[in-house]
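Encoded as structure tokens, the structure appears first; notes follow it.
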């Protein structure tokens, strides 16, 4: 019997899930070699431009395997459609039976990505977060800030975006919250005012520059998940005291780390994997003057963890006899 | 709106589809570079043993892209479950929207594989098929014979299998048909009696030997779709006048051709791709004395073609607002 879990039910289920815990467990399993996560499958479309990523894998000795398809078609809003589409599939690891179809339209990818940012902040951000800086004003720029509530009391947020419409939406999202949102026109101002910065844009040019970064800053770079996207000046990765990747293997072909290693400003031996830090169980920054960077490209183990949790916590009765 | 098409409805829809035509069109598009088909994704499980294949891609300028997950857990029958599991997903190529979930449990993979065997026979088998030989008595060994009806009038079939139970089932399947089924205990007898042979076993040892093959024989090898499965003696590929692969790229890492090239008995320059033969539009064998081999490892374009056709012909009203 296959359970169908639609987006409404997924959203109803999420508050009952301890996202921080399941992401930490997932990353730890991944870094400790207890997962099977093949390279990301990728389809690129040209007319109109779009891309689909297929992430799949399993945790050894677990009950399930997961396949996630998530696409971005950036001209969709012109047609009145969301740019993110996709679903997750949960299969029994012992028989291959399809246990659940999670029709999340990319929402679980947004949430698990934000939850990974929270994990990075927990282990890498300074003890006292003075202000949260955000580059971008899209869904991920919103979700990152919302989820950071579980690891910091800071509600002061400086946002940089090129989009007036994006800024307007962003304010609406946070209208009823206790977040204090300020827009700034220069990324250097974000760097000057904030010691926890999240970059969440699809940029292909560096947005944040080394000369602007103050000691004691942690940066989580979320936007770059391919070989050609980039948000951080290479010099930031050179000057950082600590650079952490969610997946050392994936960082060989995508993300900020990939570019910095290619350019020779960063050496692979100096990298740490997020799950290894979690396993150690304590903050990875030595003091509040270090500059740290977490480069997140998104790992299938996050999809596995969130799909399992939604399936196990969902009250959905909808099912098929497949 | 996402259409859900369950197995019963898929089976009701299939008779209205011209499988031979859509497979020919698919292979031709593939060989002419009009498709995007990345390498097959693969998950291997150990306890219990199983494997899942993820095939995905699209035909350029078409309406859809397709992701297919098909697994084999060979101990499932002990639990009263079919060993094949899986589904196909059809997405809009212009927006990424999920158009249909085809809950086929591997059935469409069985059918499109059999249809590919038919295409191979159409272009490679001798003009007059004296008898059809089959190695194996499983679902694929059955479907290959059934589908060959569209390209030959021959109803005389010689089957070799190690399984008494398999033989019994096989006879039951064909009980009400006009096929004349004979079981033989030696693969050499299949080779002696038949000039169109289909091998459809999961063997890891050669079953058919060069010394037994008569001039004028065509062999379609369906069983080997990984690097370690093999049904044909390497010498058969050396002696063959023509060796055809459904995918030259896939034959670099899997199937009979892979092994023969590795062993140095076959040269890649002498290979032909099935879609190139279809494009040429005439039988590829020169006369009725040549020995020909088609090595089919299964290409995502077949999944794309069959998923599209089922979606477009299905009468299913079942849908979700995803």
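Residue numbers (the working numbering), protein chains in the order written: chain F, 1 to 322; chain S, 323 to 644.
Using N, Cα and C, we set each Cβ at its ideal position, and we do this for glycine too.
Query raised in the report: Can you tell me whether DSSP reads residue 66 of chain F as helix, strand or coil?
Result: Your numbering for residue 66 of chain F matches position 66 in the first chain. Three-state result, residue 66 of chain F: strand.
Query raised in the report: Helix, strand or coil: how does DSSP classify residue 206 of chain F here?
Result: The count along the first chain starts at 1 and reaches residue 206 of chain F at position 206. Of the three classes helix, strand and coil, the one that applies to residue 206 of chain F here is coil, per DSSP.
Query - Paired residues, beta bridge with residue 87 of chain F - DSSP - result: Counting from one through the first chain, the residue named residue 87 of chain F turns up at place 87. F/69, per the DSSP bridge assignment.
Query raised in the report: Going straight from the alpha carbon of residue 379 of chain S to that of residue 278 of chain F, what length do you get?
Result: The count along the second chain starts at 1 and reaches residue 379 of chain S at position 57. The count along the first chain starts at 1 and reaches residue 278 of chain F at position 278. So the alpha carbons of these two residues sit roughly 37 Å apart.
Query raised in the report: If you draw a straight line from the alpha carbon of residue 139 of chain F to that of residue 105 of chain F, how long is it in whole angstroms?
Result: Translated into positions along the first chain, residue 139 of chain F becomes position 139. Translated into positions along the first chain, residue 105 of chain F becomes position 105. Each residue's alpha carbon lies about 13 Å from the other.
Query raised in the report: Is the CB of residue 537 of chain S under 9 Å away from at least one CB in chain F?
Result: Residue numbering aside, residue 537 of chain S sits at position 215 when the second chain is read from its first letter. It does not; no Cβ of chain F falls within 9 Å.
Query raised in the report: Got a sec, what are the start and stop residues for the alpha helix (DSSP H) residue 165 of chain F sits in?
Result: Here the question's residue 165 of chain F lines up with position 165 in the first chain. Looking at the DSSP string, the run of the alpha helix (DSSP H) that includes residue 165 of chain F is 164-173.
Query raised in the report: DSSP three-state call for residue 322 of chain F: helix, strand or coil?
Result: Taking the first residue of the first chain as 1, we reach residue 322 of chain F at position 322. With a pLDDT of 48 at residue 322 of chain F, under the threshold of 50, the modelled position of this residue cannot be trusted, and the question is left open.
Query raised in the report: In terms of DSSP beta bridges, what is residue 520 of chain S paired with?
Result: Counting from 1 along the second chain, the entry for residue 520 of chain S is found at position 198. Bridge partners of residue 520 of chain S: S/456 and S/542.
Requested in this report: Using a Cβ-Cβ cut-off of 9 Å, state whether residue 419 of chain S counts as contacting chain F.
Outcome: Numbered from its first residue, the second chain carries residue 419 of chain S at position 97. So, interface residue.
Query raised in the report: Under a CB-based cut-off of 9 Å, is residue 507 of chain S close to chain F?
Result: For the purposes of this step, residue 507 of chain S is identified with residue 185 of the second chain, where counting begins at 1. It does not: the Cβ of residue 507 of chain S has no partner Cβ on chain F nearer than 9 Å.
Requested in this report: Name the two residues that bound the continuous beta strand (DSSP E) containing residue 363 of chain S.
Outcome: As a working mapping, residue 363 of chain S is identified with position 41 in the second chain. Counting along the chain, the beta strand (DSSP E) containing residue 363 of chain S begins and ends at 363-368.
Query raised in the report: With burial defined as no fewer than 16 other Cβ atoms inside 10 Å of the residue's Cβ, what is the status of residue 390 of chain S: buried or exposed?
Result: Taking the second chain and counting its residues from 1, the one referred to as residue 390 of chain S is at position 68. So residue 390 of chain S ends up on the buried side.
Query raised in the report: In chain F, what lies closer than 8 Å to residue 398 of chain S by C-beta?
Result: Within the second chain, numbered from 1, the residue matching residue 398 of chain S stands at position 76. Residues of chain F passing the Cβ test: 95 and 96.
**Report entry** Buried or exposed (CB count within 10 angstroms, at least 16 for buried), residue 396 of chain S
**Finding:** As a working note, residue 396 of chain S is residue 74 in the second chain. Residue 396 of chain S comes out exposed.
Requested in this report: Tell me whether residue 269 of chain F is buried or exposed, calling it buried when 16 or more other Cβ atoms sit within 10 Å of its Cβ.
Outcome: If you number the first chain from 1, residue 269 of chain F lands on position 269. The residue in question, residue 269 of chain F, is exposed, as its Cβ has fewer than 16 Cβ neighbours within 10 Å.
Query raised in the report: Are there three or more Cβ pairs, one per stretch, closer than 8 Å when the stretch 416-432 of chain S is compared with the stretch 478-490 of chain S?
Result: no
**Report entry** Residue from S/367, S/452, S/486 and S/465 with nearest C-alpha to residue 475 of chain S
**Finding:** Taking the first residue of the second chain as position 1, residue 475 of chain S is located at position 153. With distances taken between Cα atoms, residue 475 of chain S lies closest to S/452.
Query raised in the report: What is the DSSP secondary structure of residue 567 of chain S, counted as helix, strand or coil?
Result: Reading the second chain from its first residue, position 245 is the one you call residue 567 of chain S. In the structure shown, residue 567 of chain S sits in a strand (DSSP, three-state: E or B).
Query raised in the report: Are the Cβ atoms of residue 148 of chain F and residue 198 of chain F separated by less than 9 Å?
Result: The residue labelled residue 148 of chain F in the question sits at position 148 within the first chain. The residue labelled residue 198 of chain F in the question sits at position 198 within the first chain. It is a contact, given that the beta carbons lie within the stated cut-off.
Query raised in the report: Going along chain F, which residues have a C-beta under 8 Å from residue 425 of chain S?
Result: Stepping through the second chain from its first residue, residue 425 of chain S is reached at position 103. Under the 8 Å cutoff, chain F gives 2, 98, 320 and 322.
**Report entry** Among S/583, S/455 and S/496, nearest to residue 541 of chain S - alpha-carbon criterion
**Finding:** Sequence index remark: in the second chain, residue 541 of chain S carries index 219 (1-based). Cα-wise, what sits closest to residue 541 of chain S is S/455.
Query raised in the report: Can you list the residues of chain S that residue 252 of chain F reaches, using a CB-CB cut of under 8 Å?
Result: Counting from 1 along the first chain, the entry for residue 252 of chain F is found at position 252. The premise fails here: residue 252 of chain F is roughly 17 Å from chain S at the closest Cβ pair, so nothing lies under 8 Å.
Query - Helix, strand or coil at residue 396 of chain S according to DSSP, with G and I counted as helix - result: Stepping through the second chain from its first residue, residue 396 of chain S is reached at position 74. The answer is coil: DSSP assigns residue 396 of chain S none of H, G, I, E or B.
Requested in this report: Identify each residue in the stretch 182-206 of chain F for which the Cβ-Cβ distance to at least one residue of chain S is less than 8 Å, and report them in chain order.
Outcome: none
Query raised in the report: Is residue 424 of chain S near residue 629 of chain S, with beta carbons less than 9 Å apart?
Result: Counting from one through the second chain, the residue named residue 424 of chain S turns up at place 102. Counting from one through the second chain, the residue named residue 629 of chain S turns up at place 307. Taking 9 Å as the Cβ cut-off, residue 424 of chain S and residue 629 of chain S qualify as a contacting pair.
Requested in this report: Mind checking who residue 358 of chain S pairs with in its DSSP beta bridge?
Outcome: Your numbering for residue 358 of chain S matches position 36 in the second chain. DSSP output for residue 358 of chain S lists S/380 as bridge partner(s).
Query raised in the report: Three-state secondary structure (DSSP) at residue 349 of chain S?
Result: Here residue 349 of chain S refers to the residue found at position 27 when the second chain is read from its first residue. Residue 349 of chain S falls in the helix class under three-state DSSP.
**Report entry** Rounded separation between residue 340 of chain S and residue 429 of chain S - CA only
**Finding:** For the purposes of this step, residue 340 of chain S is identified with residue 18 of the second chain, where counting begins at 1. For the purposes of this step, residue 429 of chain S is identified with residue 107 of the second chain, where counting begins at 1. Distance between the alpha carbons of residue 340 of chain S and residue 429 of chain S: 17 Å.
Query raised in the report: For residue 552 of chain S versus residue 381 of chain S, is the C-beta spacing smaller than 9 Å?
Result: Position 230 of the second chain, counting from 1, holds the residue named residue 552 of chain S. Position 59 of the second chain, counting from 1, holds the residue named residue 381 of chain S. Going by C-beta atoms, residue 552 of chain S is not nearer than 9 Å to residue 381 of chain S.
Query raised in the report: By the 10 Å Cβ neighbour count, where 16 or more other Cβ atoms means buried, how is residue 289 of chain F classified, buried or exposed?
Result: Counting from 1 along the first chain, the entry for residue 289 of chain F is found at position 289. Exposed, since its Cβ has fewer than 16 Cβ neighbours within 10 Å.
Query - Span separating the alpha-carbon of residue 406 of chain S from that of residue 116 of chain F - result: Stepping through the second chain from its first residue, residue 406 of chain S is reached at position 84. Stepping through the first chain from its first residue, residue 116 of chain F is reached at position 116. Approximately 35 Å between the Cα atoms of the pair.
Query raised in the report: If we count the other Cβ atoms within 10 Å of its Cβ and call it buried at 16 or more, is residue 402 of chain S buried or exposed?
Result: Counting from 1 along the second chain, the entry for residue 402 of chain S is found at position 80. So residue 402 of chain S ends up on the exposed side.
**Report entry** As assigned by DSSP and simplified to three states, the class of residue 340 of chain S
**Finding:** The residue labelled residue 340 of chain S in the question sits at position 18 within the second chain. Looking at residue 340 of chain S - three-state DSSP - the assignment turns out to be coil, as it is neither helix nor strand.
Query raised in the report: How would you list, in chain order, the residues of chain F whose beta-carbon sits under 7 Å from the beta-carbon of residue 363 of chain S?
Result: Taking the first residue of the second chain as position 1, residue 363 of chain S is located at position 41. 38, 41, 54 and 56, listed in chain order.
Query - Length of the line joining the Cα atoms of residue 598 of chain S and residue 538 of chain S - result: Stepping through the second chain from its first residue, residue 598 of chain S is reached at position 276. Stepping through the second chain from its first residue, residue 538 of chain S is reached at position 216. Their Cα atoms are separated by approximately 22 Å.
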